[in-house]
Every structure is written in structure tokens, then in C-alpha cells.
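**Q** Following this message is one structure expressed as C-alpha cells.
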Amino acid sequence: MTPAVHLVGATVARSGRVVVHGVDLAIAGGSWFGLIGANGSGKTSLLRALAGRLPFAGGSCRVNGDELVTDRAARALRVSFAPPADKLPDALRARDVLELVGGAIDGVRSRIADLEAALGLAELLDRWIGDCSAGMRQRIAIASAFAGGHAVVVLDEPFNWLDPVAIFDLRQAMRTRVHGGLTLITALHDLGTLATACDTGLMLADGKVAMTLDEQRLKAAGHDPQAFEIQTIDLLRSRTA
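Per full-length UniProt numbering, the sequence shown starts with residue 1, numbered consecutively.
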């Protein structure tokens, strides 16, 4: 079966410096892929390039079988990416942000009804972004990633600034969407979420693949998350020392 996302030798440069070196990965459609690594490991740069927000400097990037490594616009159309919550414009309301991405608000709300409930979005629709807390902004940013109805969604540390109830409800809603065919790619710092929610993943260190996390390994991690956490932290320490 053709992967929903397939990178071979993917390389990303920032300001003339290579920050992601020759990454290979294959993500099956209808699965949740987790990307972990220390700060500065290249996670965000890789995800931004995948979603067309940055160029690739080399390698191959196929989305549903189509080679798009040189076509940023096509990647941006195929792969949704949540904007940084702190960059949302203060002078817009939540509904304005969602309409910019997904069109008329009634259509957006219909597409994201399950997520709207999980994120408590109804009470935020008419609130000005400038009056929102960090957690509220994060809820709006996440909702905007789903507003366009994309089949592939990228979220960079989506659980930052959310309270425990919102984290639980959002995880459940996103897992239901994955079961329904969504391909979800998330950068994470929470090893518990990686072990219990993701189907596959990988660890980046200094822009290179340090560990590939296949389905079998993550299933084992879910059964013994403490052992997985110790093993993963030890590897991260060794690669960042």
C-alpha cells in the first residue's frame, strides 16, 4: 500500500545551515505518527517543510504517491499545519481565523463538530484573539488545522498550554478521526502520549534519525511506558550530551 507520506533522504536547511539530514520515513494513511526529540533536534523544521512552509534542500517527499519535494504550494494544499498559537492575529476573532482557512463558519463547524466539543470552541468563536489566554489560542490554532478538511494534518506539540481535561478530550477526538482515515503527524515532548496514542514514530537528534519507532515497539511501550521512558531518555541524553 502506498504510504500517505513518504520521505527519502529528506534534507532541510535554515539560513544556509542544514538542520535536518537525510531523514527517511513512511507514514501509513489512517495512522498517528509521533515525532520526538530534544529542543533544536529539527522536529519543527521537518514538519514545516512537509507542510510546505519551508523548502526541502534535498531528497524525496511523496504525498499519496505524488512527488512534491520541489512544490511547496502543492504540499501546503495537501498537508494542513496548525499555525503557532502565539502568532494568531490579536485583531481577529476565532471565527475569523477558522473562516480564513475553511470558508463559511457553518461549514467549518460541521466538519469539526467533534473537535469543537473537545476544545470547548463554541465559547471562543466570538472572542478576540487578543483577549485569549495561551490555552485558548492553542485551542483555536488546533481547530484551524482541521477547518479545511485535509486528509493529512500536522500538529507541532498540540497539547502545550492545554488543561488535563482538554488534553484527554482532544486525544480521544483525534484518535477517533485517525480510526476514520485521518493521517495525523504530531511533534511531541510527552513520551506517555507517544507510547499510548501513536501508531508509529521516530526520534530526531541533531537533525538525524536516532530511533525508528515501529508499531511493535510502540505497542510494547504502551504495555510498559516506564521502561520505554527510561530507554528513550537515556538515548536522548546520549545523543545530546
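Note that CB positions come from ideal geometry on N, CA and C, so glycine has one too.
Restricting to Cα atoms, I'd like to know which of S41, G103, S238 is closest to G148.
**A** Minimum Cα distance to G148 is reached at G103.
**Q** By the three-class DSSP mapping on this structure, what secondary structure does F56 have?
**A** It is coil, neither helix nor strand.
**Q** Give the C-beta separation of L204 and G37 to the nearest angstrom, bearing in mind that I take them to be a contact with Cβ-Cβ under 8 Å.
**A** That pair is a contact at about 4 Å.
**Q** Pop quiz: A145 and V153 are said to be a contact at Cβ under 8 Å. What is the actual Cβ separation, rounded to whole angstroms?
**A** Between V153 and A145 the Cβ distance is about 5 Å, and since that is below 8 Å, they are a contact.
**Q** What residue does the beta strand (DSSP E) around A205 start on, and which one ends it?
**A** 200-205 is the extent of the beta strand (DSSP E) around A205.
**Q** Of all the CB atoms in chain B, is at least one closer than 9 Å to the CB of H179?
**A** Among the chains in the structure shown there is no chain B, since it carries only a single protein chain.
**Q** Alpha carbon to alpha carbon, what distance is there between R93 and I230?
**A** Straight-line Cα distance between these residues: approximately 43 Å.
**Q** At which residue ranges does the stretch 32-97 contain complete alpha helix (DSSP H) runs of 4 or more residues, listed in the order of the chain?
**A** Listed in chain order, the complete alpha helix (DSSP H) runs (minimum 4 residues) inside the stretch 32-97 are 43-50, 72-78.
**Q** Using only CA atoms, which one of D131, M136, C132 lies nearest to E116?
**A** Out of D131, M136, C132, M136 has the C-alpha closest to the C-alpha of E116.
**Q** With DSSP run on the structure shown, which of helix, strand or coil describes M211?
**A** Correct three-state label for M211: strand.
**Q** Relative to the alpha-carbon of L213, which residue among C198, P225, D224, H223 has its alpha-carbon at the smallest distance?
**A** The shortest C-alpha separation from L213 is found at C198.
**Q** Give me the DSSP bridge partner(s) of A178.
**A** Note that residue 178 is Val in the sequence shown, not Ala. Paired residue(s): none; V178 is not in a bridge.
**Q** Pick helix, strand or coil for I140, following the three-state DSSP scheme.
**A** Of the three classes helix, strand and coil, the one that applies to I140 here is helix, per DSSP.
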